[in-house]
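Presented below is the structure to which this report refers.
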Amino acid sequence: MLKYLVKRLLQAVPLLILITMLCFTLINLAPYDAMDAKVTDKMTPADIEQMREEMGLNDPIPVQYLRWVKGLLQGDLGQSLINRTNIATDLKEKIPNTIKLVLPAYATAFLLAIALGLIAGRYKNTWVDKLINSTASIGLSVPTFWVALLFIYFFGLKLDLFPVMGMHSLGEDSFEDFLHHFVLPYAVLTIGFLPDLVRYVRSSTVTQFDEEYVTVQRAFGSSSGTILLRHVSKNVLLPMITKLGMALPMLVTGAVITETVFAWPGIGVYFTTAIRNLDYPVVMVVLVLSGSLVILGNLISDILCAVIDPRIRIGR
Amino acid sequence: MSNLLEIKQLRTSFSTLRGKVDAIRGVDLCVRENEILGIVGESGSGKSVTMKSVMGLLPKSAKVSADSLLYKGEDLLKKSEKQLQKYRGREMAMIFQDPMTALNPLRTIGYHLTEVIRRYRKVSKAEAEKIAVEMLRQVGIPSPEARMKQYPHEFSGGMRQRVVISMALCCEPSLLIADEPTTALDVTIQAQILDLLKQLKKDRGMSMVLISHDMGVMANMCDRIAVMYGGVLVEEGTVDEIFYHPQHPYTKDLLRSIPRPEITRGSRLQAIDGAPPSLHDLPAGCPSATRCAHATERCFAEMPAVTAFSATQNARCHLLAEKEA
Ligand SMILES: Nc1ncnc2c1ncn2[C@@H]1O[C@H](COP(=O)(O)OP(=O)(O)O)[C@@H](O)[C@H]1O
Ligand SMILES: [Mg+2]
Numbered sequence: 004m005l006k007y008l009v010k011r012l013l014q015a016v017p018l019l020i021l022i023t024m025l026c027f028t029l030i031n032l033a034p035y036d037a038m039d040a041k042v043t044d045k046m047t048p049a050d051i052e053q054m055r056e057e058m059g060l061n062d063p064i065p066v067q068y069l070r071w072v073k074g075l076l077q078g079d080l081g082q083s084l085i086n087r088t089n090i091a092t093d094l095k096e097k098i099p100n101t102i103k104l105v106l107p108a109y110a111t112a113f114l115l116a117i118a119l120g121l122i123a124g125r126y127k128n129t130w131v132d133k134l135i136n137s138t139a140s141i142g143l144s145v146p147t148f149w150v151a152l153l154f155i156y157f158f159g160l161k162l163d164l165f166p167v168m169g170m171h172s173l174g175e176d177s178f179e180d181f182l183h184h185f186v187l188p189y190a191v192l193t194i195g196f197l198p199d200l201v202r203y204v205r206s207s208t209v210t211q212f213d214e215e216y217v218t219v220q221r222a223f224g225s226s227s228g229t230i231l232l233r234h235v236s237k238n239v240l241l242p243m244i245t246k247l248g249m250a251l252p253m254l255v256t257g258a259v260i261t262e263t264v265f266a267w268p269g270i271g272v273y274f275t276t277a278i279r280n281l282d283y284p285v286v287m288v289v290l291v292l293s294g295s296l297v298i299l300g301n302l303i304s305d306i307l308c309a310v311i312d313p314r315i316r317i318g319r
Numbered sequence: 561m562s563n564l565l566e567i568k569q570l571r572t573s574f575s576t577l578r579g580k581v582d583a584i585r586g587v588d589l590c591v592r593e594n595e596i597l598g599i600v601g602e603s604g605s606g607k608s609v610t611m612k613s614v615m616g617l618l619p620k621s622a623k624v625s626a627d628s629l630l631y632k633g634e635d636l637l638k639k640s641e642k643q644l645q646k647y648r649g650r651e652m653a654m655i656f657q658d659p660m661t662a663l664n665p666l667r668t669i670g671y672h673l674t675e676v677i678r679r680y681r682k683v684s685k686a687e688a689e690k691i692a693v694e695m696l697r698q699v700g701i702p703s704p705e706a707r708m709k710q711y712p713h714e715f716s717g718g719m720r721q722r723v724v725i726s727m728a729l730c731c732e733p734s735l736l737i738a739d740e741p742t743t744a745l746d747v748t749i750q751a752q753i754l755d756l757l758k759q760l761k762k763d764r765g766m767s768m769v770l771i772s773h774d775m776g777v778m779a780n781m782c783d784r785i786a787v788m789y790g791g792v793l794v795e796e797g798t799v800d801e802i803f804y805h806p807q808h809p810y811t812k813d814l815l816r817s818i819p820r821p822e823i824t825r826g827s828r829l830q831a832i833d834g835a836p837p838s839l840h841d842l843p844a845g846c847p848s849a850t851r852c853a854h855a856t857e858r859c860f861a862e863m864p865a866v867t868a869f870s871a872t873q874n875a876r877c878h879l880l881a882e883k884e885a
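Line by line, the protein sequences give chains S and G.
Everything in the first sequence is counted per the numbering used here, starting at 4 for the first residue and increasing by one.
Everything in the second sequence is counted per the numbering used here, starting at 561 for the first residue and increasing by one.
Have a look at this one:
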């Protein structure tokens with residue numbers, strides 16, 4: 004097991020390097036650099052050239068890249084060009100806000116999807132299934148921002164039940180106030196996550212019910228309820244673990260749209276603002292972060308599978 | 561000997577995207593107490609569907625009808641799905657061709673067995689495990705205690721089929737249906753599994769339906785043989801009658817297709833000419849007419865009636881009926 008772990012971790016390293024290179028190159032290809040944000044009308048071309056030299060922007064690209072990566076490794080993520088704030092400090096503040104929103108929403112969607120998907124798959128082609136499946140299909144094709152606007156209009160403006168902006172009212176810091184702000188974006192996000200997961204669970208349930216072992220179980224007198232609970236569900240849930248790992252990057256980038264619509268002070272808003280302002284050090288860091296989380300998520304889900312699935316369980 | 565199972569005019573059809581498929585077209589069959597009945601026929605002739613119809617194991621797209629399906633005198637057609645479930649396992653159990661996919665890959669062998677045992681007997685988990693170990697021993701699995709904790713993928717095909725057989729035995733059924741139980745296995749393993757089945761049948765006095773496309777297997781195992789073709793029973797009789805006095809041309813063809821050690825050298829194995837009919841455009845008449853060397857116009861137009869040759873042997877063929885008359 005340990006050997007496998009080390010091997011997988013080593014495999015992840017070149018991928019991470021690739022991600023940083025890609026981000027850096029792409030951003031450098033953009034017709035814009037750190038200087039443009041600093042230039043003011045009062046500077047002479049000579050001043051500008053001198054500043055470029057000081058900031059190292061005239062060094063060859065590989066040298067710049069290595070300097071940047073070295074910074075990342077030492078925990079120095081650089082500065083925002085616009086706000087002059089430390090990016091690491093910003094992230095420490097924004098990421099927890101995003102997690103507070105995404106984690107409950109994804110967990111809710113995940114559990115709900117398992118229940119709905121198993122029911123729909125078990126009662127395939129009955130009205131229950133048709134209801135669940137077609138609702139999920141519709142949900143899949145409806146954009147999140149539209150649902151968000153709908154919710155804002157009805158629950159926020161018409162019924163005036165919930166606030167539609169931010170995470171706290173000004174000057175308020177209570178948990179109640181947080182919950183009040185939390186309800187709408189949480190609901191929208193859950194609805195956003197749900198359809199894909201439901202359809203995944205349903206189709207894998209349907210596939211499992213077509214397996215020969217189900218017929219064998221029936222031939223030995225199992226009821227389909229027993230088969231669902233004791234045999235099919237386990238086979239359906241195992242691959243769901245993979246889904247969980249893959250969802251890891253969502254903790255950072257899973258709610259960009261929802262956060263933007265509801266002005267939730269998380270990574271999403273931070274990231275979109277940075278893009279709009281061409282705040283390239285921020286954009287690069289967020290890209291690298293979410294890329295690394297994709298790799299880490301895959302790694303975690305592979306390891307979990309290896310621990311749980313008897314067929315690939317290793318080191319025994 | 562009385563009849564354990566009596567099938568009268570079984571008809572099974574599937575609704576598919578290409579239309580209705582009549583897979584079974586009026587089969588009469590009975591299984592007696594304490595006998596092994598063989599059902600033989602080419603792949604696609606309806607052997608599995610016949611027995612799955614009886615067990616109620618077909619998918620929802622299947623429509624099963626019959627004049628009656630008597631099991632121990634009770635008509636299974638009149639039972640609800642819930643009542644039928646009580647018959648499955650306890651009264652009649654079925655094992656299948658592919659032992660590789662017959663077990664849940666994520667459950668141990670022990671789990672599979674104890675689940676079945678505790679369904680039928682009020683015993684504690686520990687007692688169920690003891691019974692399960694004993695069952696594994698009976699079907700010839702070495703060091704059964706250790707094997708209980710293992711998963712299906714740690715077993716070979718032959719060993720898995722033994723596990724499935726032991727699951728069936730845990731139910732203590734009166735009728736065991738074995739649907740090509742050895743087709744997916746190596747020849748030497750085949751013989752072992754068949755021996756095991758024969759021994760178990762003898763020890764427990766249960767009846768067995770053995771489905772196979774292999775006439776050689778039939779000769780070794782069965783008391784009586786039913787020959788199926790195109791969803792119709794073309795001939796049935798005792799082993800001796802079928803092997804020494806086959807009546808139906810199709811049965812004779814089947815017998816000629818058995819590889820025989822004494823004639824394999826220098827002569828070629830005889831395949832039956834032509835292909836089985838597609839069930840989508842079945843001929844109105846005898847299903848084997850297109851492949852029969854003696855077929856007349858009547859054979860194509862009209863389904864032959866059953867002609868009896870002895871108390872135990874009968875066949876469906878116009879030519880035979882005309883000869884008898
Ligand atoms: N689920 C199904 N849907 C449609 N047709 C089926 C289905 N199962 C079996 N059949 C048809 O029934 C016929 C008999 O199948 P089967 O009983 O499995 O043959 P075999 O004699 O090889 O066991 C096949 O030709 C097949 O086309
Ligand atoms: Mg078959």
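All C-beta atoms in this analysis are idealised placements derived from N, C-alpha and C, irrespective of residue type, glycine included.
query: Contact with chain G by K237/S, beta-carbon distance below 9 Å; result: yes
query: Residues that T572/G contacts on chain S, provided the C-beta gap is smaller than 9 Å; result: Going along chain S, no residue has its Cβ under 9 Å from T572/G, so there is no contact; the nearest lies around 16 Å.
query: Any non-hydrogen atom of ligand 1 closer than 8 Å to E602/G Cβ; result: yes
query: Assumed close pair V255/S, T263/S - CB separation to whole angstroms, cut-off 8 Å; result: No, V255/S and T263/S are not in contact; Cβ-Cβ is about 14 Å, not under 8 Å.
query: 3 or more residues per run - each beta strand (DSSP E) lying fully within the region 215 to 297 of chain S; result: none
query: Beta carbon of I85/S nearer than 9 Å to that of N280/S; result: yes
query: Amino acids of chain G, ordered along the chain, whose beta-carbon sits closer than 9 Å to that of A118/S; result: Those do not exist, as A118/S stays about 20 Å from chain G at its closest Cβ, beyond 9 Å.
query: Integer Cβ distance of A151/S from F223/S, believed to fall under 8 Å; result: Not confirmed; about 50 Å, so no contact.
query: Anticipated Cβ contact below 8 Å, I567/G with V587/G, distance rounded; result: 6 Å
query: Exposure of S304/S, with buried meaning 16 or more beta-carbon neighbours within 10 Å; result: buried
query: Exposure of A885/G, with buried meaning 16 or more beta-carbon neighbours within 10 Å; result: exposed
query: Chain G contacts from the region 217 to 229 of chain S (Cβ-Cβ distance under 7 Å); result: T218, V219, R221, A222, F223, G224, S226
query: Through-space distance from H773/G to S603/G, alpha-carbon basis; result: 7 Å
query: Delimiting residues of the alpha helix (DSSP H) encompassing I155/S; result: Per DSSP, I155/S belongs to no alpha helix (DSSP H) and is neither H nor E.
query: P313/S: contacting residues in chain G (beta-carbon distance under 7 Å); result: L666, Y711
query: Chain G contacts from the region 199 to 219 of chain S (Cβ-Cβ distance under 7 Å); result: E214, E215, Y216, T218, V219
query: Where T742/G falls: helix, strand or coil (DSSP); result: coil
query: Helix, strand or coil at L880/G [DSSP, three-state]; result: helix
query: Extent of the continuous alpha helix (DSSP H) run through R722/G; result: 717 to 730
query: A33/S versus V286/S, A309/S, N301/S, I141/S, residue with shortest Cα-Cα distance; result: V286/S
query: Separation of A91/S from G78/S, as counted between CA atoms; result: 8 Å
query: Coil, strand or helix - R571/G by DSSP; result: strand
query: Cα-Cα separation, D50/S to T43/S; result: 10 Å
query: Partner residues on chain S for M654/G, Cβ-Cβ distance less than 7 Å; result: A222
query: Inter-residue spacing [alpha-carbon to alpha-carbon] between N301/S and L106/S; result: 18 Å
query: DSSP state of T23/S mapped onto helix, strand, coil; result: helix
query: DSSP-derived helix/strand/coil call for T576/G; result: strand
query: Cβ-Cβ distance between V799/G and A875/G below 9 Å; result: no
query: beta-carbon D739/G near ligand 2 non-hydrogen atom, thresh 8 Å; result: yes
query: Distance cut-off 8 Å: K237/S Cβ against heavy atoms of ligand 1; result: no
query: Start and end residues, beta strand (DSSP E) containing L160/S; result: From DSSP, L160/S is part of no beta strand (DSSP E); its letter is neither H nor E.
query: Any C-beta of chain G under 9 Å from that of P233/S; result: The residue asked about is misnamed: residue 233/S is Arg in this sequence, not Pro. It does; some Cβ of chain G falls within 9 Å.
query: Partner residues on chain S for D774/G, Cβ-Cβ distance less than 8 Å; result: The premise fails here: D774/G is roughly 21 Å from chain S at the closest Cβ pair, so nothing lies under 8 Å.
query: Boundaries (first-last residue) of the beta strand (DSSP E) holding A868/G; result: 866 to 868
query: Distance CB(A744/G)-CB(G717/G) smaller than 9 Å; result: yes
query: At least 3 beta-carbon pairs within less than 8 Å: the region 636 to 655 of chain G vs the region 613 to 628 of chain G; result: yes
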